[in-house]
Every structure is written in structure tokens, then in C-alpha cells.
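So for the sequence shown, the numbering used here puts the first residue at 89; every next one is plus one. Don't be surprised by glycine CBs; every beta carbon is placed ideally from N, CA and C.
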Amino acid sequence: MINIAVFASGNGSNAVNIYNFFKNHPTISFKIIYCNNPTAGIISKAKNLNIECRVFNKNEWQNGIVKTELIDKKIDFVILAGFLWLVNSDIIKAFENRILNIHPSLLPNYGGKGMYGDKVHHAVIENKENESGITIHIVNDKYDEGKIVFQDKIRVETNETIEKLAAKIHELEYKNYPKVIENYILNYKIL
Ligand code: GAR
């Protein structure tokens, strides 16, 4: 089996969606959730679904403990799903081209430090954009700058609200992220 670990910082609806997609998968196994926020909604969701959920702190993230655990657990791919900390170069080196992230805009627009979740949708509406979307990309050591593997667009209506836009973007994420992860992993070739 090819093992994945999913990292989430908040509500974790994408993490749950990814779990449901892979739970009976013949070759890809959803092993564990890693969460950096002790008050995140994903923690109780994981408990209800009987998914192992490891809550970790900044020190464990920065001094290599999380990386060592991932290697010990034989994790092959790391999936970021609403995870808000920058991934340090140590982890990127250990999992080069094997970390994917999803971002709720059409990168390179509305990306970078501090651009996440509703803040992105707020900026898109403020700037009167007529389209937005999602970007799935390989993670490097800068926020939202790694190679793009998938994008999909939606229209932003003239009377759009943050809530409505966030809901549409989430639907797009649920529909696409698991399939893109599956496709990426099954076609992955060591460079
Ligand atoms: C998702 O929309 C994801 O794209 C976004 O956070 C949301 C998490 O929702 N990620 C970022 O903004 C990363 N910069 P969820 O916790 O319900 O999956």
C-alpha cells in the first residue's frame, strides 16, 4: 500500500472528504491526520470516524519530530488540506515532490503568507474578480509557490458573498482534490 498522511489546521472538511474517498481504496491508504491546532474541529471529526489524529506543536514541527514520525510510519505522500503553517525545508527535502497542497484561489493570484480561507474570498470579492477557483500544487519552501498540478474555475457573481463563494469553492475542492491526489500518486515517478 501507498500511505498518505493528511495535515489540517481547522475544520477539516477536506480531510474528511479525502478520508471517505480513500477508505476502501485498493492501493492508497489514508493512515493518519496531523493537526497543529489543539482547538481545531477536525480533531472531534477524526475521533468520530476512528481516524488516528496526532496533534503536534511548533517545537515538534520545527525540530524534526514530525518528520521522523512520518518516516517511521512509512508515509509516502503528505497531503495538506487547510494546513496553515509553512512547511520547513527539512520536511520538503525528505518528501521532495511528495507533498501536495490545495489553495482556494487561482494561484499565483491571492496566494502567499496570510492568504487563507475566507481572507482569500474576501479579497477576490473586494477586487470585483469575475472568476475564482482552486489550485492544487506541489509544496516547496515558499507559501503557495510550488509547481501547479491542477486548477479549476468558477464564476464570481456580482452579488457574491464570502459565505456563498466559500461554499462553491469547497464543493470544487471536494469534487477534485481526492481524484487529483489519486492521479498524482498513481502516476508518480521518482525523478
Ligand atoms: C480550504 O478551502 C482550503 O483550500 C483552504 O482552507 C480551507 C480549509 O477548509 N486552504 C488555504 O487557504 C491554504 N492557504 P477545511 O478545513 O474545511 O478543509
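8 Å contact criterion, which residue i and residue j should meet: CB distance rounded
i, j, result
"Pro-192", "Val-208", "5 Å"
"Asp-164", "Ile-236", "With 8 Å as the limit, Asp-164 and Ile-236 do not qualify as a contact, their Cβ atoms being about 22 Å apart."
"Tyr-107", "Leu-188", "Tyr-107 to Leu-188, Cβ: 15 Å. No contact."
Limits of the beta strand (DSSP E) - the one that residue i falls within
i, result
"Asn-91", "90-96"
"Ile-224", "219-226"
"Asn-189", "187-191"
"Lys-241", "236-243"
"Val-143", "141-143"
Nonlocal neighbours in the same chain, by C-beta distance under 8 Å from residue i, ignoring five residues either side
i, result
"Ala-75", "Only positions 89 to 279 of the chain appear in this structure, which leaves residue 75 out of reach."
"Lys-254", "According to the sequence as given, residue 254 is Ala; it is not Lys. Result list for Ala-254: Pro-192, Gly-205, Asp-206 and His-209, in chain order."
"Lys-256", "Ile-242"
"Gln-239", "Leu-194, Leu-195, Gly-221, Ile-222, Thr-223 and Ile-224"
Sequence-distant residues of its chain with Cβ nearer than 7 Å to residue i (five each side left out)
i, result
"Gly-129", "Gly-98, Asn-99 and Gly-100"
"Ile-131", "Cys-123, Cys-141 and Val-143"
Spatial neighbours of residue i in its chain, beta-carbon cut-off 6 Å, leaving aside the 5 residues before and after
i, result
"Phe-109", "Pro-266"
"Glu-148", "Val-154"
"Lys-133", "Gly-100 and Val-104"
"Phe-95", "Tyr-122, Leu-168 and Phe-171"
"Tyr-262", "Asn-105"
Residue i beta carbon near the ligand GAR (any heavy atom closer than 7 Å)
i, result
"Asn-136", "no"
"Ala-93", "no"
"His-258", "yes"
"Asn-99", "yes"
"His-225", "no"
"Val-244", "no"
"His-210", "no"
"Glu-219", "no"
"Tyr-204", "yes"
N-terminal and C-terminal residue of the alpha helix (DSSP H) that residue i is part of
i, result
"Lys-162", "No alpha helix (DSSP H) contains Lys-162, which DSSP labels as neither H nor E."
"Tyr-122", "First-last for Tyr-122: 116-123, but that is the beta strand (DSSP E), not the alpha helix (DSSP H)."
"Lys-135", "130-136"
"Tyr-198", "Where Tyr-198 is concerned, there is no enclosing alpha helix (DSSP H), given that its DSSP letter is neither H nor E."
"Asp-206", "205-214"
"His-258", "250-274"
Residue i: CB within 7 Å of a non-hydrogen atom of the ligand GDP
i, result
"Met-89", "Annotation note on the ligand GDP: not contained in the displayed structure, which lists the ligand GAR as its ligands."
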